[in-house]
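*Asks:*
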Amino acid sequence: MANVTLRNVRKTYPGGFEAIKGVDVDVGDGQFCVLVGPSGCGKSTLLRMVAGLETVTGGEIDIGGRVVNQVEPADRDIAMVFQNYALYPHMSVYNNMAYGLRNRGMAEAEIKTRVEEAARILELAPMLERKPRQLSGGQRQRVAMGRAIVRQPKVFLFDEPLSNLDAKLRIAMRVEIRKLQRRLNTTSIYVTHDQLEAMTLADILVVMNGGQVEQIGNPLAIYEKPATTFVASFIGAPPMNLMSTQPDEIKSQLGSNGRATEAGILGIRPEDFVITDQTPTGGVALPLAVEAIERVGAETFVYGSRQQDEERVAANPGELPPGDVIVRVPGTEAPAIGQKIRVAAVREKLHLFSGDGRTRIEV
Amino acid sequence: MVEEEGFRRYVAHVILWIGIAIVAFPVYLAFIASTQDNALIANGQMSLLPGGHFLEVYYQTIFIGTSGSTREPVGNMMLNSLVMALLIAVGKIAISIISAYAIVYFRFPFRMPIFWIIFITLMLPVEVRIYPTYKIVADLHMLDSYAGLSLPLIASATATLLFRQFFMTVPDELLEASRIDGAGPFRFFWDTLLPLSRTNMAALFVILFILGWNQYLWPLLITTRDDMQTIQVGIRKMITTTDALTEWPVVMATAVLAMLPPVFVVVVMQKLFVRGLVETEK
Numbered sequence: 001m002a003n004v005t006l007r008n009v010r011k012t013y014p015g016g017f018e019a020i021k022g023v024d025v026d027v028g029d030g031q032f033c034v035l036v037g038p039s040g041c042g043k044s045t046l047l048r049m050v051a052g053l054e055t056v057t058g059g060e061i062d063i064g065g066r067v068v069n070q071v072e073p074a075d076r077d078i079a080m081v082f083q084n085y086a087l088y089p090h091m092s093v094y095n096n097m098a099y100g101l102r103n104r105g106m107a108e109a110e111i112k113t114r115v116e117e118a119a120r121i122l123e124l125a126p127m128l129e130r131k132p133r134q135l136s137g138g139q140r141q142r143v144a145m146g147r148a149i150v151r152q153p154k155v156f157l158f159d160e161p162l163s164n165l166d167a168k169l170r171i172a173m174r175v176e177i178r179k180l181q182r183r184l185n186t187t188s189i190y191v192t193h194d195q196l197e198a199m200t201l202a203d204i205l206v207v208m209n210g211g212q213v214e215q216i217g218n219p220l221a222i223y224e225k226p227a228t229t230f231v232a233s234f235i236g237a238p239p240m241n242l243m244s245t246q247p248d249e250i251k252s253q254l255g256s257n258g259r260a261t262e263a264g265i266l267g268i269r270p271e272d273f274v275i276t277d278q279t280p281t282g283g284v285a286l287p288l289a290v291e292a293i294e295r296v297g298a299e300t301f302v303y304g305s306r307q308q309d310e311e312r313v314a315a316n317p318g319e320l321p322p323g324d325v326i327v328r329v330p331g332t333e334a335p336a337i338g339q340k341i342r343v344a345a346v347r348e349k350l351h352l353f354s355g356d357g358r359t360r361i362e363v
Numbered sequence: 001m002v003e004e005e006g007f008r009r010y011v012a013h014v015i016l017w018i019g020i021a022i023v024a025f026p027v028y029l030a031f032i033a034s035t036q037d038n039a040l041i042a043n044g045q046m047s048l049l050p051g052g053h054f055l056e057v058y059y060q061t062i063f064i065g066t067s068g069s070t071r072e073p074v075g076n077m078m079l080n081s082l083v084m085a086l087l088i089a090v091g092k093i094a095i096s097i098i099s100a101y102a103i104v105y106f107r108f109p110f111r112m113p114i115f116w117i118i119f120i121t122l123m124l125p126v127e128v129r130i131y132p133t134y135k136i137v138a139d140l141h142m143l144d145s146y147a148g149l150s151l152p153l154i155a156s157a158t159a160t161l162l163f164r165q166f167f168m169t170v171p172d173e174l175l176e177a178s179r180i181d182g183a184g185p186f187r188f189f190w191d192t193l194l195p196l197s198r199t200n201m202a203a204l205f206v207i208l209f210i211l212g213w214n215q216y217l218w219p220l221l222i223t224t225r226d227d228m229q230t231i232q233v234g235i236r237k238m239i240t241t242t243d244a245l246t247e248w249p250v251v252m253a254t255a256v257l258a259m260l261p262p263v264f265v266v267v268v269m270q271k272l273f274v275r276g277l278v279e280t281e282k
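Quick note, the sequences are listed as chains B and A, same order.
The C-terminal residue of the first sequence carries number 363 in UniProt numbering, and the numbering is unbroken.
The C-terminal residue of the second sequence carries number 282 in UniProt numbering, and the numbering is unbroken.
Written out as structure tokens, the structure reads:
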């Protein structure tokens, strides 16, 4: 049981490349912290620094009240689940789980108890004598988890553990990881690039970009009040529609809204739009020409174009071309392609950001 | 494979059998000659069927040797060759795997220069550096010894390179998992890397054993005593006789005996390394 605290943690590679530019995160005892961000944002590097696999070039990493910057990975009391599982291919499932315990000089009887307990929890008992290559992807994943839990560490570290599994298994394992973590109540740090995994698993969500933390907080709070346009477009799928507030069409609608005049970028989530001819007071309505329809079953995404020239507002992952808007409508009812529609969002669902996208403006 | 029909199939088989005959005939001839009477061979009247002197000739070859030229039992020569080949194979694997481990997994000063120096020795086989090598071995008083026979051939870059390439394909996460599991450099090497290299070691052992067994020039130079002679050198010496008839049955029996250990090694180890090539254990 332990807190994990990162204080102004930095990583500069010998070549001068700054991978982590000062990160402060505090993960409370038993909490599940998810680091999420696009590839290359430094989330895996940060996790590996906590594990002790990468050196820390600045700041402090504190696990359970002890600064571990100079401590060997084995002595940090952590366990890690790797993306490719990193099971020892020549050892049986049992030995894979027992190896770390044996290296610590634990008595064979105690090892047996712990491995069997882990195997029972993870439903691996019938395959303890098998080699990793005789297991399916999901089973290997469980063995990797088993290897972590037999150690009974202070902290679990997960490095994209589900990305090698197929979509269905990924969802099943996601739920299992969450249940297991709740049950063992072990502080966990989990790295993923999948915003859905991040949203569903996290107690604390850390959104990273370019070696820096964009926003830290409760996943729903982040979803409801993204601090920057980066977070706004990264969290939530499909991404938030971002548009400049400069065109008269939008400017005139926002005019009456307190600090809205300071805003440079307006964001509206696809799910907050309604197809209607009315304009809600204080809200925003947009005329669209329907260009594409995606029917997913429970919901349908309408891709519309505002058909007017507009400058690009920010370069963010998953962002739509300027002038394009996604609208989510429930069910399979949707306008036809080419049809002109009008969509509107109420005042409470508008997100306003400064012109550079770095600051959120509350109205 | 395409199934050929009727006539074409027979033609293919006939061609294959001719090929086998061409390769196998000299071996057969050597065996036949080793079972015949020497006088018959010397007269040019050797039969193509096995003669009746099998036990007698092989007994003489293994335990007594030729009556003229060397007078060294071939059994002893085989022992010498075996010791040399095993020392070379085992020594090379042991040294190479350790040096490859150092080069791949440790960051030490002049790592790359050291790697290149090892690499460059590929261009300097024993034949090229034979004089200085002989001088060193002589100065170390290792002439006519197993150490002298094997040491100069143990130091080589090929096996180091092979293990280096293999180690580089082992995922880094295995090392990291070992570190988290509390395994130091020695434990990682012993518990993880060595078991994973098993099939590579088997393949190398086959190649190196045969290489060592077939050495001719180096043993010829540094062994002068008859009891340190290797079988490859011995065969040559048996053939050259100054004032007597070459004892062909004994020579041929020696040739047949010289073939057996490499064949045995290939047959035994082949299973291991073919299995190693089939199953991917990474």
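From the three backbone atoms N, C-alpha and C, an ideal C-beta is built for every residue, glycine too.
Tell me the DSSP secondary structure of serine 136 of chain B in three-state form.
*Replies:* Coil.
*Asks:* Tell me whether methionine 91 of chain B sits in a helix, a strand or coil according to DSSP, three-state version.
*Replies:* DSSP places methionine 91 of chain B in coil when its eight states are reduced to three.
*Asks:* Under the three-state reduction of DSSP, which class applies to aspartate 77 of chain B: helix, strand or coil?
*Replies:* Coil.
*Asks:* Report, in whole angstroms, the separation of the C-beta atoms of valine 155 of chain B and valine 4 of chain B, which I expect to be a contact under 8 Å.
*Replies:* The pair is a contact, with the Cβ atoms about 6 Å apart (cut-off 8 Å).
*Asks:* Mind checking histidine 193 of chain B: buried by the 16 CB within 10 Å criterion, or exposed?
*Replies:* Buried, by the Cβ-count rule.
*Asks:* Quick check: is the beta carbon of tryptophan 9 of chain A nearer than 8 Å to any beta carbon in chain B?
*Replies:* Looking at the sequence shown, residue 9 of chain A is not tryptophan but arginine. So no, arginine 9 of chain A is outside the interface.
*Asks:* Output needed in chain order: residues of the stretch 162-195 of chain A with a Cβ under 7 Å from some Cβ in chain B.
*Replies:* From the stretch 162-195 of chain A, only Pro171, Glu173, Leu174, Glu176, Ala177, Arg179, Ile180, Asp181, Gly182, Ala183, Arg187, Thr192 and Pro195 have a Cβ closer than 7 Å to chain B.
*Asks:* Under a CB-based cut-off of 8 Å, is glycine 264 of chain B close to chain A?
*Replies:* No, its Cβ sits nowhere closer than 8 Å to a Cβ of chain A.
*Asks:* Runs of 4 residues minimum, wholly inside the stretch 229-275 of chain B: which ones carry the alpha helix (DSSP H) assignment?
*Replies:* Counting whole runs of 4 or more residues, the stretch 229-275 of chain B contains the alpha helix (DSSP H) stretches 229-234 and 248-254.
*Asks:* If the criterion is Cβ atoms closer than 8 Å, does the pair leucine 266 of chain B and valine 343 of chain B meet it?
*Replies:* No, the Cβ-Cβ distance between leucine 266 of chain B and valine 343 of chain B is not below 8 Å.
*Asks:* State yes or no: is the C-beta of cysteine 33 of chain B within less than 8 Å of the C-beta of serine 188 of chain B?
*Replies:* In contact: cysteine 33 of chain B and serine 188 of chain B (Cβ atoms closer than 8 Å).
*Asks:* Listed from N- to C-terminal order along the chain, which residues in the stretch 321-351 of chain B have their beta-carbon within a distance smaller than 8 Å of any beta-carbon of chain A?
*Replies:* Cβ contacts with chain A: none found.
*Asks:* Under three-state DSSP, which class holds glutamate 160 of chain B?
*Replies:* Glutamate 160 of chain B: coil per DSSP, three-state reduction.
*Asks:* Leaving out the 5 sequence neighbours to the left and right, which residues in its chain are closer than 6 Å to alanine 314 of chain B when beta-carbon positions are compared?
*Replies:* Caution is warranted here: a pLDDT of 48 is assigned to alanine 314 of chain B, below 50, making its placement in the model unreliable, and the coordinate value is therefore given only provisionally. Answer for alanine 314 of chain B: Thr229 and Gly357, listed in chain order.
*Asks:* Over the uninterrupted alpha helix (DSSP H) stretch that includes methionine 199 of chain B, give me the two end residues.
*Replies:* Its alpha helix (DSSP H) spans residues 195-201.
*Asks:* Out of A:Pro109, A:Phe205 and A:Pro261, point me to the one whose CA is closest to glutamine 232 of chain A's CA.
*Replies:* Among A:Pro109, A:Phe205 and A:Pro261, the Cα nearest to that of glutamine 232 of chain A is on A:Pro261.
*Asks:* What ranges does the alpha helix (DSSP H) occupy inside the stretch 142-219 of chain A, keeping only unbroken runs of at least 4 residues that lie completely in it?
*Replies:* List check, alpha helix (DSSP H) in window: 146-154, 157-169, 172-180 and 198-213.
*Asks:* Comparing the C-beta of tyrosine 99 of chain B with each C-beta of chain A, is any distance below 8 Å?
*Replies:* True, the Cβ-Cβ gap to chain A drops below 8 Å.
*Asks:* Spatial neighbours of proline 317 of chain B within its chain, please: C-beta separation below 6 Å, excluding the five flanking residues on both sides.
*Replies:* Only weak support is given to the placement of proline 317 of chain B: the predicted model assigns it a pLDDT of 49, under 50, and the value that follows is read from those uncertain coordinates. Contacts found: Pro38.
*Asks:* Which word fits tryptophan 248 of chain A, buried or exposed, when buried means at least 16 other C-beta atoms lie within 10 angstroms of its C-beta?
*Replies:* With 16 or more other Cβ atoms within 10 Å, it is buried.
*Asks:* Examine the Cβ distances between the stretch 90-97 of chain B and the stretch 162-178 of chain B and report whether three or more of them are shorter than 8 Å.
*Replies:* Touching, no.
*Asks:* Is there a Cβ from chain A that is less than 8 Å from the Cβ of threonine 12 of chain B?
*Replies:* Chain A contact via Cβ: absent.
*Asks:* If you draw a straight line from the alpha carbon of asparagine 38 of chain A to that of tyrosine 58 of chain A, how long is it in whole angstroms?
*Replies:* Roughly 13 Å between the two C-alpha positions.
*Asks:* Kindly list, in the order they appear in chain A, the residues whose Cβ is closer than 9 Å to that of asparagine 103 of chain B.
*Replies:* Those are Ser178, Asp181, Gly182, Ala183, Gly184, Arg187 and Asp191, listed as they occur along chain A.
*Asks:* Quick one: list the residues of chain A neighbouring isoleucine 78 of chain B, beta-carbon separation under 8 Å, in chain order.
*Replies:* Those are Ile180, listed as they occur along chain A.
*Asks:* Could you check whether the stretch 140-156 of chain A touches the stretch 167-182 of chain A, counting it as contact only if at least three pairs of C-beta atoms, one from each stretch, sit closer than 8 Å?
*Replies:* They do not touch, by the three-pair rule.
*Asks:* Here's a check: name, in chain order, each residue in its chain whose Cβ is nearer than 7 Å to the Cβ of arginine 164 of chain A, leaving out the five neighbours to either side.
*Replies:* The answer, listed in chain order, is Ala100, Ile103 and Val104.
*Asks:* What is the residue span of the alpha helix (DSSP H) that isoleucine 231 of chain A lies within?
*Replies:* Element bounds for isoleucine 231 of chain A: 231-239.
*Asks:* Indicate whether asparagine 241 of chain B and isoleucine 326 of chain B have their beta-carbon atoms separated by less than 8 Å.
*Replies:* In this structure, isoleucine 326 of chain B lies closer than 8 Å to asparagine 241 of chain B by Cβ.
*Asks:* Take valine 67 of chain B as the anchor and find which of B:Arg183, B:Gly304, B:Thr279 and B:Val9 has the nearest alpha-carbon.
*Replies:* Comparing Cα-Cα distances from valine 67 of chain B to each of B:Arg183, B:Gly304, B:Thr279 and B:Val9, the minimum goes to B:Val9.
*Asks:* In whole angstroms, give me the CA-to-CA distance for glutamate 362 of chain B and alanine 221 of chain B.
*Replies:* C-alpha separation (whole angstroms): 14 Å.
*Asks:* How should proline 126 of chain B be labelled, buried or exposed, when 16 other C-beta atoms within 10 angstroms of its C-beta is the threshold for buried?
*Replies:* Under this definition proline 126 of chain B is an exposed residue.
*Asks:* Rounded to whole angstroms, what is the Cα-Cα separation between arginine 71 of chain A and threonine 241 of chain A?
*Replies:* Taking the straight line joining both Cα atoms gives about 12 Å.
*Asks:* Can you find a C-beta in chain A that's less than 8 Å from the C-beta of leucine 165 of chain B?
*Replies:* Answer no: the Cβ-Cβ gap between leucine 165 of chain B and chain A never drops below 8 Å.
*Asks:* From B:Asp277, B:Gly146, B:Asp166 and B:Ala167, pick the residue whose C-alpha is nearest to that of phenylalanine 158 of chain B; which is it?
*Replies:* Minimum Cα distance to phenylalanine 158 of chain B is reached at B:Gly146.
*Asks:* Give the secondary structure of histidine 13 of chain A by DSSP, where H, G and I count as helix, E and B as strand, and everything else as coil.
*Replies:* Looking at histidine 13 of chain A - three-state DSSP - the assignment turns out to be helix.
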